[in-house]
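Residue numbers (numbering that gives the first Met the number 0): 0 to 393.
No residue lacks a Cβ here, since even glycine has one placed at the ideal position from N, Cα and C.
I have placed the structure first, in the form of structure tokens, so that the comments after it can refer back to it.
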Amino acid sequence: MKIQGLVKFFNQVKARLQAGLQPGEVEAFRRKVVMVVLDVEEICRRHGKTPDHLPAPSRIAYRFLKDLDLQNLPIRQAGDIDPVNSGLRIRNVVKVGEFFVQKLWRNHRVLLDSTEHMSELQAEIQRRVTDIDKLCRRHQATPASLEGPSRQIFSWLKLLSNQDNLIRHLESLHTAADVINSSLIRKKTPIEVRLINMNEIWQWRQYSNIFVLKANQGFMCADRHVWKAVVHNSMVEVDKANRQLINEYTASDDFNEVLIEMDSYVAATSPTGRGHIHNLDDCFDRVNAAYFNGQMPKPLLVWNRTPTLRKFGHYQPSRDTVMISVSLDDPKVPSFVLDFVLYHELLHKKHGAMIVNGRRISHNPAFRADECLFADYQSAIDFIQQLARRHRGL
């Protein structure tokens, strides 16, 4: 069961809370939040469900709105600058995404077999990323200011401009195609799988000339078993065991790592890491003093846009940016938990990654030894695991 616009509203609420509210808009803000929460509960009731049955992102959004302390909202002080609202329009960005998502499916076998063709496609994607970036700068903005659909496409293209990610994407499409071909599914029209950045987990649509299965980019790392579950539930019938497998995968680190990496490419930069409840700048000062003798160079600290289930932080070396999940900007999350997540990401900055037998290893023995030095290590781990289970409705 999906509730259109819930996650989008959640993101709007987070943005307003981080910016601070004008005194004159507080009451309208409260009424809107209460109305949305009641609407969600009523929609669930009409379907004989509860909010715990919602897809993970919607479930997290609902719980955040439900638990929001509406009597203790951040008020913007006189002289504070209101951040630039997202909404920059650049023509044809979404069309560019549609062009590439179809090209990747229709040519995935050829691209995997030809290094030359792969390199040409990667260069073509990179050119598009550069073009969009330049257009944003021309408007004195960044890709974070793009309107929603364009922002999603930009972050998707940016992800695929990395060769390793592009290969994984194509290999996942190849697995999906192999599952479809071996499943004896017969449609009156050709089947096309589109793996792309989207709010939904997956959706399908039968057109007059083609059957389209759109799947979230998080399935880029999915194995054959997961794809079999997705294909069966979308093209044959909904099966409870398959649904459970899909739910487990979408709650996994593999799935959420992809989402938070895409989010990191369009993170809104801010002079401060202030959230609604927690401040990342204060968090960094505590962690740097306690575990790095105050010597850790400060990366850019940002909150992501999308609630996550298990992956609560991400370090991106190319931009020297640590992104923390908005799921942690919650009054029920103790400061030491946020400190641990940031400490974990700063250890990625300190240790980097190793390549062993062609595999990228980020959590090497030295990393794990340092991680265990965190004063409240086990308590933080236990809290994060409980939070992940709660977000998954377990």
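If we ignore side chains and look at the alpha-carbon of each, how far apart do residue i and residue j end up?
i    : j    : result
R45  : Q294 : 56 Å
P296 : T320 : 11 Å
D163 : N91  : 26 Å
I323 : S263 : 9 Å
I89  : N106 : 28 Å
N41  : A365 : The sequence given here places Glu at residue 41; Asn does not occur at that position. So the two alpha carbons sit approximately 51 Å from each other.
N278 : S361 : 27 Å
Q385 : A379 : 10 Å
L300 : K348 : 13 Å
H275 : R388 : 23 Å
K395 : N363 : Examination of residue 395 is not possible in this model, given that the chain is present from 0 through 393 alone.
S233 : N303 : 30 Å
I152 : S144 : 13 Å
V128 : Q70  : 43 Å
L72  : G19  : 8 Å
L183 : V93  : 33 Å
S113 : V265 : 31 Å
G312 : A176 : 32 Å
I259 : C371 : 24 Å
D68  : F9   : 14 Å
E115 : F254 : 29 Å
P22  : R15  : 12 Å
P316 : Q125 : 18 Å
R150 : H138 : 15 Å
C282 : L341 : 8 Å
I245 : R318 : 32 Å
I131 : Y314 : 23 Å
N287 : N198 : 35 Å
G147 : R29  : 24 Å
I200 : H224 : 16 Å
A352 : A27  : 48 Å
R204 : R193 : 11 Å
A368 : H343 : 11 Å
D280 : D338 : 11 Å
G217 : N241 : 17 Å
T141 : D328 : 24 Å
G272 : P298 : 11 Å
D375 : A289 : 12 Å
F373 : G86  : 41 Å
I383 : P54  : 20 Å
Q3   : V39  : 10 Å
C43  : Q243 : 20 Å
C377 : L37  : According to the sequence shown, residue 377 is Gln rather than Cys. Computed Cα separation, rounded: 37 Å.
F291 : K227 : 46 Å
R285 : L346 : 15 Å
Report, in whole angstroms, the separation of the C-beta atoms of residue i and residue j, which I expect to be a contact under 8 Å.
i    : j    : result
V32  : L64  : 6 Å
L5   : Y61  : 7 Å
V178 : C220 : Going by Cβ atoms, the distance from V178 to C220 rounds to 15 Å, so no, they are not a contact pair.
M261 : S154 : 4 Å
H168 : R108 : The Cβ separation is near 13 Å, so there is no contact.
S57  : K1   : 7 Å
L111 : E170 : 7 Å
I195 : G96  : 7 Å
H231 : D222 : Going by Cβ atoms, the distance from H231 to D222 rounds to 15 Å, so no, they are not a contact pair.
V229 : A214 : 6 Å
S326 : I74  : The Cβ separation is near 24 Å, so there is no contact.
Per the DSSP calculation, residue i is bridged to which residue(s)?
i    : result
N208 : N208 is not bridged to any residue.
Y314 : V321
A214 : L194, W201
I74  : L20
L444 : In the structure as shown, the chain begins at 0 and stops at 393. Residue 444 is therefore absent and cannot be evaluated.
R285 : Partner(s): none; R285 has no beta bridge.
L87  : L145
N278 : R273
Check whether the Cβ of residue i lies closer than 8 Å to any Cβ atom in chain C.
i    : result
Y290 : Absent here is chain C; the protein component of the structure consists of one chain.
Quiz item: With a cut-off of 8 Å, do at least 3 Cβ pairs link the stretch 154 to 166 to the stretch 119 to 135?
Solution: yes
Quiz item: Quick check: the stretch 242 to 255 against the stretch 332 to 348, are there 3 or more CB pairs under 8 Å?
Solution: no
Exercise. Pick out the complete beta strand (DSSP E) segments inside the stretch 319 to 366, 3 residues or longer, and give them in chain order.
Key: 320 to 323, 353 to 355, 358 to 360
Self-check item: Cβ pair count under 8 Å reaching 3, the stretch 50 to 64 against the stretch 101 to 120
Solution: In this structure the stretch 50 to 64 does not lie against the stretch 101 to 120, because fewer than three pairs of beta carbons, one per stretch, are closer than 8 Å.
Quiz item: Considering only residues of the stretch 146 to 191, which uninterrupted alpha helix (DSSP H) runs meet the minimum length of 4 residues and lie entirely inside it, listed in chain order?
Solution: Complete alpha helix (DSSP H) runs here, min 4: 147 to 159, 162 to 181.
Quiz item: Which whole runs of the alpha helix (DSSP H) in the stretch 16 to 72 are 4 residues long or more, in chain order?
Solution: 25 to 45, 55 to 66
Quiz item: When the Cβ atoms of the stretch 186 to 196 are set against those of the stretch 208 to 220, are three or more pairs found closer than 8 Å?
Solution: yes
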